[in-house]
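Following: one structure in structure tokens, then a few remarks.
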Amino acid sequence: MNLKLLRLFLLVFFLPLFQSADAQCEYTLEMFDSDGDGWNGASLTISVGTTVYTFSLNGIFDDGIDSTLTFPVNTGQQITMSWAPGFFDDEVSFVIYDYEGNVVYEDAFPNSGPLFSGIAFCPSCLKPANVKIENVYDTYAKLRWSPGNTAPALGWWVIYGPKDFVLSSGVGDSVYVTTPKVTLQGLAKKTFYDFYVLEQCDSTDISIGNGPYTFETYFSNDVGISNVLTPESGCDLGVETVTVVMSNFGSNPQSLIPFRFSVNGVDAGVPQPQDGFYTGVLGKDSSDVIEFETFYDFSEPGEYLIKVYTQMNGDEDFSNDTFYYYIVNRLVTPYAQDFETWSGGWYPDTSGNASSWQFGTPDGLVITEAASGKNAWVTNLDGDYNDAELSYLNSPCFDFSDLTEDPVLEFSINYDTELEYDGGYLEVSTNDGQDWDKLGTIDEGLNWYNFFNTNTGLGDVWAGN
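Numbered continuously in this note's numbering, the sequence shown closes out at residue 465.
Take a look at the structure:
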């Protein structure tokens with residue numbers, strides 16, 4: 001006998017006399033697997049009248065963790081459910097909700113065979129469908145939806161208020177309309193709102209609310225720099241053009257916008273208004289790519305921090321005015337990088353297969369933290385590397401031409417791989433990545449490689465843990 005969680009909720013067996021016998025609606029099934037690998041051959045069969053549905057989590061048509069589906073029912077139809085077991089049923093759970101969101105039946109670690117029998121019920125007045133947020137501005141928002149019933153509705157109620165308000169709490173404002181659309185007026189700027197739409201079928205019958213749906217209003221005037229496109233990190237940078245993306249984050253169109261840049265904290269001397277003065281028109285939710293006419297010399301080796309910012313009068317949000325962008329140009333020794341400020345100019349190569357390299361704060365079961373500080377480069381910050389992965393993490397360019405001795409490389413590495421099949425190693429290129437040579441062997445250096453892989457032909461690698 002297995003231990004299990006089980007709750008049974010009785011469907012409505014006695015229907016109101018005015019309820020139509022063939023009212024149709026949808027029930028919802030939520031499926032879960034605690035291990036994230038699907039139901040491993042198990043399935044739930046739901047019979048609605050003479051129609052039979054079979055549901056399962058399989059990791060192919062879903063993510064193997066959870067899935068939400070709906071199925072149609074008619075008032076008065078018999079509903080039965082049964083379970084066909086698979087492997088690891090102790091990982092399985094599911095919940096079935098009626099049209100109004102009430103739990104009909106839920107189970108975890110189900111028993112084989114019949115689970116439930118009951119009668120379906122649909123309300124006489126269904127909620128509106130296809131609710132859409134057409135557009136949002138600074139103090140108003142346009143919404144639209146479709147009628148939920150075949151019979152013409154008297155109208156619709158839209159109830160809106162602060163995000164996460166409870167529909168039945170009395171909080172919120174309401175608008176009644178006789179066409180399936182509305183413009184909500186008098187909203188606060190840069191504020192999150194929730195709303196519900198209810199259908200008024202007749203003078204006494206109103207649907208449950210469809211929602212909540214969420215939107216955020218805009219500031220009226222709000223522009224900023226959203227990206228820097230050039231220059232990019234390289235091995236031989238010189239006098240370069242700084243190319244940026246300016247975006248309108250507000251609801252009003254904008255023009256005549258001053259903007260400028262600095263490098264490593266020193267202003268680049270952009271001569272406004274001849275340069276650094278946007279004369280086009282940025283509409284709502286639009287961006288434009290702009291090149292400064294003022295060049296900058298990036299030829300000296302090292303890291304550069306480019307700061308680009310707008311200076312628009314009346315801007316209501318300064319937090320998005322500025323964009324910071326790091327680049328490197330052929331690094332020289334001594335070199336140290338703890339990745340706390342930025343990614344260091346390291347980047348995943350586009351060659352190979354199924355790369356899982358990520359930059360950020362590790363939060364996995366094996367790699368739980370960085371060697372120092374918070375950030376690191378990791379193959380999947382919160383999980384395993386991918387199956388059949390062959391991936392590369394590239395460094396910036398280094399210039400060793402002034403060295404009189406061979407450089408020494410030291411770094412922290414944390415690894416946990418299949419010892420005889422997977423592993424990592426370091427390669428070096430002296431011709432801009434056209435050719436690569438493995439650096440070192442097991443017998444060289446300190447802690448340099450620990451295993452010779454023959455199964456996959458990798459040779460000397462870091463493997464195991």
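For every residue, glycine included, the Cβ atom is placed at its ideal position computed from N, Cα and C.
Under DSSP, the beta-bridge partners assigned to proline 258 are Phe277. Checking the DSSP bridge columns, you'll see leucine 29 partnered with Leu69 and Ile96.
At a Cβ-Cβ threshold of 8 Å, glycine 76 and isoleucine 46 do not count as neighbours. Counting C-beta pairs closer than 8 Å gives fewer than three between the stretch 218-231 and the stretch 195-208, which falls short of the contact rule. Residue environment analysis places proline 152 among the exposed positions, since fewer than 16 neighbouring C-beta atoms fall within 10 angstroms of its C-beta. The three-state secondary structure of glutamate 232, taken from DSSP, is coil.
The beta-carbon separation of methionine 246 and threonine 294, rounded to 16 Å, does not stay under the 8 Å limit for a contact.
Taking aspartate 138 as reference, the option from Gly424, Ser117, Ala188 and Leu409 with the minimal CA-CA separation is Ala188. For asparagine 329, the uninterrupted beta strand (DSSP E) run begins and ends at 322-329, by DSSP. Bounds of the beta strand (DSSP E) holding phenylalanine 192 are 192-200.
When the alpha-carbon of valine 103 is set against those of Leu29, Glu232 and Gln200, the nearest one is in Leu29. For glycine 238, the CB contacts under 8 Å within the same chain, skipping 5 residues up- and downstream, are Asp297, Phe298 and Ser299 in chain order.
When C-beta atoms of the stretch 377-397 are compared with those of the stretch 347-355, three or more pairs fall below 8 Å, so the two segments count as touching. Bridge partners of isoleucine 306 according to DSSP: Val263 and Tyr325. Lysine 132 is not a Cβ neighbour of threonine 214, given a cutoff of 8 Å. Contact between aspartate 416 and valine 366 holds, with the beta-carbon distance rounding to 5 Å and staying under 8 Å.
Scanning its chain for C-beta atoms nearer than 7 Å, with the 5 sequence neighbours on each side dropped, one finds around arginine 144 the residues Lys132, Glu134, Pro180 and Lys181, in chain order.
With fewer than 16 neighbouring CB atoms inside 10 Å of its own CB, aspartate 267 falls in the exposed class. Its chain contains Ser255 and Asp288 as the residues whose beta carbon lies nearer than 8 Å to that of glycine 280, once the 5 sequence neighbours on both sides are disregarded; these appear in chain order.
Sixteen is the threshold: since fewer than 16 other Cβ atoms of the shown chains lie within 10 Å of the Cβ of tyrosine 176, the residue is exposed. Ranked by Cα distance from phenylalanine 400, the first of Gly457, Arg330, Ser43 and Trp342 is Arg330.
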